[in-house]
Amino acid sequence: MQRSVLPDALANATCPWAASVSLSLAAVVLTAALPLIPWLLARWMGWARSWAPRPTVELGCSGRLLAVAAAATASVALTISIADARGLAWPPSWDTDRTCTYHVMFCEPTQASHLVRHVGNAYSNVAYLFAGLTVLGSQRTHHSPLYIPDVCFGLALLALAVASFLWHASNAPKVHYVDLAVMETVISYLQLRYACLAIHRSFRLSVSTEAWLCTALFTAIVAYQTELSAHRWQAGSMENGFPTGRSRLAGEGGLPLFEVCLFIATPILYYLVPCMAMLASGSVGSLRLATVSIASLITGWEVHLLERWALDGLCIPDAGVLGAVSSPTAIFHALTGVTLLTAYFHVRSLELVKS
Numbered sequence: 007m008q009r010s011v012l013p014d015a016l017a018n019a020t021c022p023w024a025a026s027v028s029l030s031l032a033a034v035v036l037t038a039a040l041p042l043i044p045w046l047l048a049r050w051m052g053w054a055r056s057w058a059p060r061p062t063v064e065l066g067c068s069g070r071l072l073a074v075a076a077a078a079t080a081s082v083a084l085t086i087s088i089a090d091a092r093g094l095a096w097p098p099s100w101d102t103d104r105t106c107t108y109h110v111m112f113c114e115p116t117q118a119s120h121l122v123r124h125v126g127n128a129y130s131n132v133a134y135l136f137a138g139l140t141v142l143g144s145q146r147t148h149h150s151p152l153y154i155p156d157v158c159f160g161l162a163l164l165a166l167a168v169a170s171f172l173w174h175a176s177n178a179p180k181v182h183y184v185d186l187a188v189m190e191t192v193i194s195y196l197q198l199r200y201a202c203l204a205i206h207r208s209f210r211l212s213v214s215t216e217a218w219l220c221t222a223l224f225t226a227i228v229a230y231q232t233e234l235s236a237h238r239w240q241a242g243s244m245e246n247g248f249p250t251g252r253s254r255l256a257g258e259g260g261l262p263l264f265e266v267c268l269f270i271a272t273p274i275l276y277y278l279v280p281c282m283a284m285l286a287s288g289s290v291g292s293l294r295l296a297t298v299s300i301a302s303l304i305t306g307w308e309v310h311l312l313e314r315w316a317l318d319g320l321c322i323p324d325a326g327v328l329g330a331v332s333s334p335t336a337i338f339h340a341l342t343g344v345t346l347l348t349a350y351f352h353v354r355s356l357e358l359v360k361s
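Every letter in the sequence shown is one number past the one before it in the numbering used here, and letter 264, counting from 1, is 270.
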């Protein structure tokens, strides 16, 4: 296993070594403490109703829906594995042998003779497929003006499952741009959903106004990501390498400690908007969903930072089962699938709170 770049980044920091270690530990501790926030809000601010779990029927998420989504997801995975076993291959025009960018970003070895070249990184995207099917299925009982943007979110999750699978299964360079665009769109939607709820509750806007605002802003995000992806596609900006943490550390500018701490503490920045929505609602909504959504995000993100593209500290170069299940990216996909699904239903639970 290769040594992480983190010790070298700490050693090369402009501040004293003790201060560097203290800053890094502070970022880790503060990030790890985030799941305590909804519990503290519920307990110390007297939001007693926040402790009661919300009935799943009110959110449109029943056990039957979860079972159907799981069965459909398993069927898709089985179909792909059969296609792989029968020797199907990617079109030559996809340029799948161009692996330079993939290998500097991700640890899982390439199995060039297979349709699914990176088993862990590719099949872990079933988490997004399951989440998308569940979100779409829950709309049957979602009688709200926010139905339309939420359907778009469910479709975006399905698009993410497809794009991310194609990128990690084929390592076709052009697909990478689509994967990034859809991923950033999906992440932005939940931030937008929480923000619109906070605005709705703070300024006493109507639900229809909230839905219009959410739809308009999400449309703008989709348009921006589409344009950015098209620009990256035409420029080929990520087809001959990637500025990984290791390459930046060896370069002239180095890897600033501030950026390392910012990477570690990214979940804190993400959680600011959900906290605003909870404060504006006077409730944490479903305490279980709030806790699981942020805990899964923290775990998935911090593990992902140990991938080659970042701090490069968890790499078992095994092309078999061990490499697949230990891949930081595969773990990230699985856990962020949980994050996206539970965060979506958490914001729905906040909407059930009467303002």
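Where is the CB? At the ideal position from N, CA and C, for every residue including glycine.
Small disclaimer: the values here were computed from a predicted structure and weren't measured.
Nearest-angstrom Cβ-Cβ length linking N363 and A336, presumed shorter than 8 angstroms: This structure cannot settle anything about residue 363, because the visible part of the chain is limited to 7 through 361.
Using the three-state DSSP reduction, which class does E313 fall into: helix, strand or coil? As a first step, residue 313 must be located in the sequence shown, where it is residue number 307. In the three-state reduction of the DSSP assignment, E313 falls in the coil class.
Write down the C-beta distance between A330 and V125 rounded to the nearest angstrom, noting that I regard them as a contact closer than 8 angstroms. Counting from 1 along the sequence shown, the entry for residue 330 is found at position 324. Counting from 1 along the sequence shown, the entry for residue 125 is found at position 119. Taking the Cβ atoms as the reference, A330 lies roughly 4 angstroms from V125, within the contact range of under 8 angstroms.
DSSP-derived helix/strand/coil call for P59: Taking the sequence shown and counting its residues from 1, one reaches residue 59 at position 53. Residue confidence is low: P59 scores 49 on pLDDT, short of 50, so the model does not pin down where it sits. Its coordinate-derived value is still stated next. Here P59 sits in coil by DSSP.
Taking just the CA atoms, how far does L311 sit from W173? Within the sequence shown, residue 173 is the residue found at index 167, counting from 1. Within the sequence shown, residue 311 is the residue found at index 305, counting from 1. Spanning the two alpha carbons is a distance of roughly 19 angstroms.
Indicate whether R207 and S287 have their beta-carbon atoms separated by less than 8 angstroms. Locating residue 207 in the sequence shown gives position 201, where the first residue counts as 1. Locating residue 287 in the sequence shown gives position 281, where the first residue counts as 1. Yes; because the gap between Cβ atoms is below 8 angstroms, this pair is in contact.
Assuming contact is defined by CB atoms lying nearer than 8 angstroms, are A133 and G343 in contact in what I supplied? The residue given as residue 133 occupies position 127 in the sequence shown. The residue given as residue 343 occupies position 337 in the sequence shown. Contact flag set, yes.
Cβ-based neighbour list, K180, same chain, cut-off 7 angstroms, excluding 5 preceding and 5 following: By 1-based counting over the sequence shown, the position of residue 180 is 174. Cβ within range, chain order: W239.
Considering only the beta carbon of each residue, do A283 and V213 sit closer than 8 angstroms? Within the sequence shown, numbered from 1, the residue matching residue 283 stands at position 277. Within the sequence shown, numbered from 1, the residue matching residue 213 stands at position 207. No. Outside cutoff.
Start-to-end residues for the alpha helix (DSSP H) that takes in P280: The sequence position of residue 280 within the sequence shown is 274, counting from 1. Counted as a single uninterrupted DSSP element, the alpha helix (DSSP H) harbouring P280 occupies residues T272 to S287.
Could you check if I88 is buried or exposed, using at least 16 other CB atoms within 10 Å of its CB as the buried criterion? Counting from 1 along the sequence shown, the entry for residue 88 is found at position 82. With fewer than 16 other Cβ atoms inside 10 Å of its own Cβ, I88 counts as exposed.
I need the boundaries of the alpha helix (DSSP H) containing G343, first residue and last residue. Translated into positions along the sequence shown, residue 343 becomes position 337. For G343, the enclosing alpha helix (DSSP H) has its first and last residue at P334 to E357.
Cβ contact (3+ pairs, closer than 8 angstroms) linking the region 81-101 and the region 109-125: The region 81-101 vs the region 109-125: in contact.
Quick check on DSSP: helix, strand or coil for D362? For the chain, the structure presents residues 7 to 361; residue 362 sits outside this window and is missing.
Report yes or no: do the region 10-19 and the region 271-281 share at least 3 C-beta pairs separated by less than 8 angstroms? Between the region 10-19 and the region 271-281, the count of C-beta pairs closer than 8 angstroms stays below three; the two stretches do not touch.
Given a cut-off of 8 angstroms on the beta-carbon distance, is the pair L40 and I270 in contact? On the sequence shown, residue 40 is found 34 positions in, with the first residue counted as 1. On the sequence shown, residue 270 is found 264 positions in, with the first residue counted as 1. Cβ atoms of L40 and I270: not closer than 8 angstroms.
Whole-number beta carbon distance between P44 and P290, since they are thought to touch under 8 angstroms: Locating residue 290 in the sequence shown gives position 284, where the first residue counts as 1. Locating residue 44 in the sequence shown gives position 38, where the first residue counts as 1. Inspection of the sequence shows that residue 290 is occupied by Val rather than by Pro. Rounded, the Cβ-Cβ distance is 4 angstroms, consistent with contact.
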